[in-house]
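Asks: Residue numbers (the working numbering), protein chains in the order written: chain A, 1 to 202; chain B, 203 to 404.
There are 2 protein chains.
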Amino acid sequence: MSNQLQLEALILAMYDKDIIKFGLFTLKSGKESYVYVDLRTTISFPSIYKQVCDILSDYIKDNQLKFDLLLGIPYSALTFASSIGYKDNIPMLLKRKEAKAYGTKKLLEGEYKQGDTCLLIEDVVTTGGSSIESLQVLQEHGIKVTDLVCLVDRQSTAKANLQASNCNLHSMITLTQILEVLRKHGKINDAQYEQAIKVIEQ
Amino acid sequence: MSNQLQLEALILAMYDKDIIKFGLFTLKSGKESYVYVDLRTTISFPSIYKQVCDILSDYIKDNQLKFDLLLGIPYSALTFASSIGYKDNIPMLLKRKEAKAYGTKKLLEGEYKQGDTCLLIEDVVTTGGSSIESLQVLQEHGIKVTDLVCLVDRQSTAKANLQASNCNLHSMITLTQILEVLRKHGKINDAQYEQAIKVIEQ
Numbered sequence: 001m002s003n004q005l006q007l008e009a010l011i012l013a014m015y016d017k018d019i020i021k022f023g024l025f026t027l028k029s030g031k032e033s034y035v036y037v038d039l040r041t042t043i044s045f046p047s048i049y050k051q052v053c054d055i056l057s058d059y060i061k062d063n064q065l066k067f068d069l070l071l072g073i074p075y076s077a078l079t080f081a082s083s084i085g086y087k088d089n090i091p092m093l094l095k096r097k098e099a100k101a102y103g104t105k106k107l108l109e110g111e112y113k114q115g116d117t118c119l120l121i122e123d124v125v126t127t128g129g130s131s132i133e134s135l136q137v138l139q140e141h142g143i144k145v146t147d148l149v150c151l152v153d154r155q156s157t158a159k160a161n162l163q164a165s166n167c168n169l170h171s172m173i174t175l176t177q178i179l180e181v182l183r184k185h186g187k188i189n190d191a192q193y194e195q196a197i198k199v200i201e202q
Numbered sequence: 203m204s205n206q207l208q209l210e211a212l213i214l215a216m217y218d219k220d221i222i223k224f225g226l227f228t229l230k231s232g233k234e235s236y237v238y239v240d241l242r243t244t245i246s247f248p249s250i251y252k253q254v255c256d257i258l259s260d261y262i263k264d265n266q267l268k269f270d271l272l273l274g275i276p277y278s279a280l281t282f283a284s285s286i287g288y289k290d291n292i293p294m295l296l297k298r299k300e301a302k303a304y305g306t307k308k309l310l311e312g313e314y315k316q317g318d319t320c321l322l323i324e325d326v327v328t329t330g331g332s333s334i335e336s337l338q339v340l341q342e343h344g345i346k347v348t349d350l351v352c353l354v355d356r357q358s359t360a361k362a363n364l365q366a367s368n369c370n371l372h373s374m375i376t377l378t379q380i381l382e383v384l385r386k387h388g389k390i391n392d393a394q395y396e397q398a399i400k401v402i403e404q
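What follows is the structure in structure tokens.
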């Protein structure tokens, strides 16, 4: 299991680099949130990038997830999966983001057999929409998807939506956990914590 | 410097997995070629994938290339760069392939300062067209590009075209080298070698 202290250190490092921010943000859905998470700049900070990849890799091994292939959803999770595949010698698949613009190229790259199981890697899940889209593309190619490992679960509907597609969501960090760590280390006060938690629970 | 035996082993492994093929192929340009190289399935073979990343990483270190940031051109070289960045603790940038389709998202992801130097990684170069497109995007953002490291140089106009943009091309493998290795190991005969070499030199 991922060590709690390791996750706490990662949350603080990400807060320090503005990968995690506290404030009032409006999500794409129109919903408000006090926690902003954007893992796209993770690639700029080698120590944070390494921690993210190692935490995901350790989780996969410690929980003995069973799969034949690894696929990271572009772009952030594609970089994570590439590093995990390199480190742990795992065959990968790659799903392009822009299939329609490149009609002659395959949407799915890499070798697979019918009935293979693919583990999905995602950076942040909210409703799980883009994860389920990838899952469906794999299923259309005869590939099974039973598990998705993500770094951050925003505790919206992703878990239920993935479950409805027979896919287990494994998240390393939740918004609640982020708020707890920020409060514990004096980055936010009790009132800010309570206000932010209330929005998550809505 | 990359060990010649290591490169020879990689060429043979790629030939064995159909990443490199010998036959008569028509390139996008309409030109004919006897050597087909498609690194997109490299992700499916962990041992080959690791060799590719390690050869690129070793070359960068052995030749003491000077740069602040690493950028792999999507998709194959993006996976290679992600693994090299992970392994060697190098900050990375990411250039999306499909900027036009995602108007609200940035074409270039990651942190950089004006005047930073970025090393480009590419899988295969022919004319260098897509490499130069990436180089220009970086320059428009105030980032310098002085070197590009690729796995395979098809020995067309990439070297000259990149040089005209003040960028040095460093290639690990050329088509000539591939043909020599295939002949040495009896994968092709002398007549096939001569015929294929003639087309490269045209």
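Ideal placement from N, C-alpha and C gives every residue a C-beta, glycine not left out. Predicted, not measured: the structure shown is a model, and the values here were computed from it.
1. Does DSSP classify L207(B) as helix, strand or coil?
2. Give me the chain B residues within the contact set of S83(A), using Cβ-Cβ distance strictly less than 7 Å, ordered along the chain.
3. If contact means a Cβ-Cβ distance below 7 Å, which residues of the segment 254-275 of chain B contact chain A?
4. Under 7 Å Cβ-Cβ, which residues of chain A neighbour T228(B)?
5. Residues of chain B with CB under 7 Å from I90(A), in chain order?
6. At a CB-CB cut-off below 8 Å, which residues of chain A make contact with T243(B)?
7. Could you have a look at Y102(A) and say whether DSSP puts it in helix, strand or coil?
8. So L94(A) and L71(A) are in contact, right, with Cβ under 8 Å, and what is the actual spacing, rounded?
9. Out of L229(B), A366(B), I292(B), I380(B), point me to the one whose CA is closest to A215(B)'s CA.
10. Are there 16 or more other CB atoms within 10 angstroms of the CB of Y304(B), so buried, or fewer, so exposed?
11. If the criterion is Cβ atoms closer than 8 Å, does the pair I323(B) and A366(B) meet it?
12. Comparing alpha-carbon positions, which option in Y34(A), T41(A), S76(A) lies nearest K17(A)?
13. For Y34(A), decide whether its Cβ has a neighbour in chain B, counting only Cβ atoms nearer than 8 Å.
14. Starting from the beta carbon of R183(A), find every residue of chain B whose beta carbon is closer than 9 Å, and list them in chain order.
15. What does the Cβ neighbour count give for K97(A), buried or exposed, with the cut at 16 atoms within 10 Å?
16. Report, in whole angstroms, the separation of the C-beta atoms of V37(A) and V124(A), which I expect to be a contact under 8 Å.
17. Taking just the CA atoms, how far does L39(A) sit from K21(A)?
18. Would you give the residue range spanned by the beta strand (DSSP E) that L273(B) belongs to?
19. Provide the residue span of the alpha helix (DSSP H) that contains L179(A), from first to last.
20. Nearest chain B C-beta to L10(A) closer than 8 Å, yes or no?
21. By Cβ distance below 6 Å, which residues in the same chain neighbour P276(B) in space, the five residues on each side in sequence not counted?
22. Spell out whether any CB of chain B is found under 8 Å from the CB atom of R154(A).
23. Give me whichever residues DSSP pairs with N370(B) in a beta bridge.
24. Need the endpoints of the alpha helix (DSSP H) that E194(A) sits in, please.
25. I think D264(B) touches D318(B), with their Cβ atoms under 8 Å apart; what is that distance to the nearest whole Å?
26. Hey, is K21(A)'s beta-carbon within less than 8 Å of any beta-carbon in chain B?
27. Rounded to whole angstroms, what is the Cα-Cα separation between K315(B) and C369(B)?
28. Please go through the same chain and pick out, in chain order, the residues whose beta-carbon is closer than 8 Å to the beta-carbon of C118(A), but skip the five residues on each side of it.
29. Rounded to the nearest angstrom, how far is the Cβ of H349(B) from that of S373(B), given a contact under 8 Å?
30. Measuring alpha carbon to alpha carbon, tell me which of G287(B), V401(B), Q208(B) ends up nearest I262(B).
31. Just verifying my parser: in three-state terms, what is the DSSP assignment at K289(B)?
32. Quick check: the Cα distance between V401(B) and G225(B), rounded to an integer number of angstroms?
33. Would you say Y15(A) reaches chain B, if we count a Cβ-Cβ gap shorter than 8 Å as a contact?
34. Can you find a C-beta in chain B that's less than 8 Å from the C-beta of T126(A)?
35. 8 Å is my cut-off, CB to CB: does K144(A) come that close to chain B?
36. Would you mind sorting F227(B) into buried or exposed? The rule is 16 or more other CB atoms within 10 Å of its CB.
Replies: Once the coordinates are examined:
1. The count along the second sequence starts at 1 and reaches residue 207(B) at position 5. Correct three-state label for L207(B): helix.
2. Start at 1 with the first residue of the first sequence, and residue 83(A) comes out as number 83. Per Cβ cutoff of 7 Å: S284, S285, Y288.
3. C255
4. What you label residue 228(B) is simply residue 26 of the second sequence in a count that begins at 1. Simply none; closest approach about 14 Å.
5. As a first step, residue 90(A) is located in the first sequence; it is residue number 90 there, counting from the start. Per Cβ cutoff of 7 Å: P248.
6. As a working note, residue 243(B) is residue 41 in the second sequence. Within 8 Å Cβ-Cβ: E109, G110, E111.
7. In the first sequence, counting from the first residue as 1, residue 102(A) sits at position 102. Because the pLDDT of Y102(A) is 49, which lies under 50, any placement of that residue in the model is unreliable, and the question is left without a value.
8. Here residue 94(A) refers to the residue found at position 94 of the first sequence. Here residue 71(A) refers to the residue found at position 71 of the first sequence. At roughly 7 Å, the Cβ-Cβ gap stays under 8 Å, so L94(A) and L71(A) are in contact.
9. Taking the second sequence and counting its residues from 1, one reaches residue 215(B) at position 13. Looking at the Cα atoms, I380(B) is the closest of the given residues.
10. Here the question's residue 304(B) lines up with position 102 in the second sequence. For Y304(B), the predicted model reports a pLDDT of 48, less than 50, meaning its position is unreliable; a value from the coordinates is still stated below. That one is exposed.
11. Indexing the second sequence from 1 puts residue 323(B) at position 121. Indexing the second sequence from 1 puts residue 366(B) at position 164. Result no, Cβ atoms of I323(B) and A366(B) do not sit closer than 8 Å.
12. Working through the first sequence from its first residue, we reach residue 17(A) at position 17. The candidate whose alpha carbon is nearest that of K17(A) is T41(A).
13. For the purposes of this step, residue 34(A) is taken as the residue at position 34 of the first sequence. So no, Y34(A) is outside the interface.
14. For the purposes of this step, residue 183(A) is taken as the residue at position 183 of the first sequence. Correct list: empty, because the minimum Cβ distance to chain B is about 27 Å.
15. Counting from one through the first sequence, the residue named residue 97(A) turns up at place 97. Looking at its Cβ environment, which holds 16 or more other Cβ atoms inside 10 Å, K97(A) is buried.
16. Numbered from 1 along the first sequence, position 37 holds the residue referred to as residue 37(A). Numbered from 1 along the first sequence, position 124 holds the residue referred to as residue 124(A). About 5 Å; that satisfies the 8 Å criterion.
17. Stepping through the first sequence from its first residue, residue 21(A) is reached at position 21. Stepping through the first sequence from its first residue, residue 39(A) is reached at position 39. Between K21(A) and L39(A), the C-alpha separation is close to 11 Å.
18. Counting from 1 along the second sequence, the entry for residue 273(B) is found at position 71. It spans 271-274 - the beta strand (DSSP E) in which L273(B) sits, taken as one unbroken run.
19. Taking the first sequence and counting its residues from 1, the one referred to as residue 179(A) is at position 179. Where L179(A) is concerned, the enclosing alpha helix (DSSP H) stretches over 175-184.
20. Position 10 of the first sequence, counting from 1, holds the residue named residue 10(A). For L10(A), the answer is no, since every Cβ of chain B falls outside 8 Å of its Cβ.
21. Indexing the second sequence from 1 puts residue 276(B) at position 74. Excluding positions up to five away in sequence, the list reads K299.
22. Residue numbering aside, residue 154(A) sits at position 154 when the first sequence is read from its first letter. Not an interface residue.
23. Working through the second sequence from its first residue, we reach residue 370(B) at position 168. D349(B).
24. The residue you call residue 194(A) lines up with position 194 of the first sequence. From DSSP, the alpha helix (DSSP H) with E194(A) extends over 190-201.
25. The residue you call residue 264(B) lines up with position 62 of the second sequence. The residue you call residue 318(B) lines up with position 116 of the second sequence. Not quite, the Cβ-Cβ distance comes to about 23 Å (not below 8 Å), so this is no contact.
26. Taking the first residue of the first sequence as position 1, residue 21(A) is located at position 21. No, no contact with chain B.
27. As a working mapping, residue 315(B) is identified with position 113 in the second sequence. As a working mapping, residue 369(B) is identified with position 167 in the second sequence. Straight-line Cα distance between these residues: approximately 20 Å.
28. Reading the first sequence from its first residue, position 118 is the one you call residue 118(A). Excluding residues within five positions, the ones whose Cβ falls inside 8 Å are F67, D68, L69, L70, L71, L93, Y112, L138, I143, K144, V145.
29. In the second sequence, the residue the question calls residue 349(B) occupies position 147. In the second sequence, the residue the question calls residue 373(B) occupies position 171. A small correction: the amino acid at residue 349(B) is Asp; His does not occupy that position in the sequence shown. In fact, because the Cβ distance is near 12 Å, the residues do not count as touching under 8 Å.
30. Translated into positions along the second sequence, residue 262(B) becomes position 60. Closest option to I262(B), Cα to Cα, is G287(B).
31. Residue numbering aside, residue 289(B) sits at position 87 when the second sequence is read from its first letter. The answer is helix: DSSP assigns K289(B) an H, G or I state.
32. The residue you call residue 401(B) lines up with position 199 of the second sequence. The residue you call residue 225(B) lines up with position 23 of the second sequence. Their Cα atoms are separated by approximately 12 Å.
33. Against the first sequence, residue 15(A) aligns to sequence position 15. Not one chain B Cβ lies under 8 Å of Y15(A).
34. Reading the first sequence from its first residue, position 126 is the one you call residue 126(A). T126(A) does not count as touching chain B.
35. Position 144 of the first sequence, counted from the start, is the residue given in the question as residue 144(A). Closer than 8 Å: no.
36. Numbered from 1 along the second sequence, position 25 holds the residue referred to as residue 227(B). The residue in question, F227(B), is exposed, as its Cβ has fewer than 16 Cβ neighbours within 10 Å.
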